[in-house]
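Undergrad: Here the sequence shown is numbered in this note's numbering, starting from -3 and rising by one per residue.
Idealized CB from N, CA, C, for every residue including glycine.
Quick one: the structure is below, questions incoming.
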Amino acid sequence: MFKIFLYVLAFFAILLFFIFLRKKIGKISNYLLILVLILMIAFAIKFELSATRSGVLKKETLNAFLQGQSLICKDVNVTKEYFNFEYGTQSFISNGKNKQFKAYVFDIKDCKVDK
-3 MFKIFLYVLA FFAILLFFIF LRKKIGKISN YLLILVLILM IAFAIKFELS
47 ATRSGVLKKE TLNAFLQGQS LICKDVNVTK EYFNFEYGTQ SFISNGKNKQ
97 FKAYVFDIKD CKVDK
């Protein structure tokens, strides 16, 4: 919801900017306004799509981990037996059961489901 508010706020800020410049620049400001609005809409769509894809990938990775499947994170096999998932940092942290994995922390975006 906050993102939508920011998009609307940015839209109106740019709109007001071009309305005040309209008298100084003339008809060119209309074309610039249309160009800027098209670029803003394209950027917002691209940003939302990439954020959605990233979120879905993270959710699938976390679900696989919680179901007991192993993950590969930077060439290390991550399982529920030796790692815990921390929601605040979105990372897998070793739980101390294996001294070899002590102090390992892997960001969820660096992990893939082991098939």
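CB-CB under 6 Å to Gln86, same chain, minus the five flanking residues each way: which ones, in chain order?
TA: The answer, listed in chain order, is Ile104.
Undergrad: Would Phe14 and Leu31 qualify as a contact pair, given that the criterion is a beta-carbon distance under 8 Å?
TA: no
Undergrad: Leu67 and Val109 look like a contact to me (Cβ under 8 Å); what is the Cβ gap, rounded to whole Å?
TA: 6 Å
Undergrad: Would you mind working out which of Lys111, Lys55, Asp106, Tyr78 sits nearest Phe97, comparing C-alpha positions?
TA: Tyr78
Undergrad: Quick check on the DSSP output: what are the complete beta strand (DSSP E) runs of length 3 or more inside the region 78 to 108, in order along the chain?
TA: Listed in chain order, they are 79 to 82, 87 to 90, 101 to 103.
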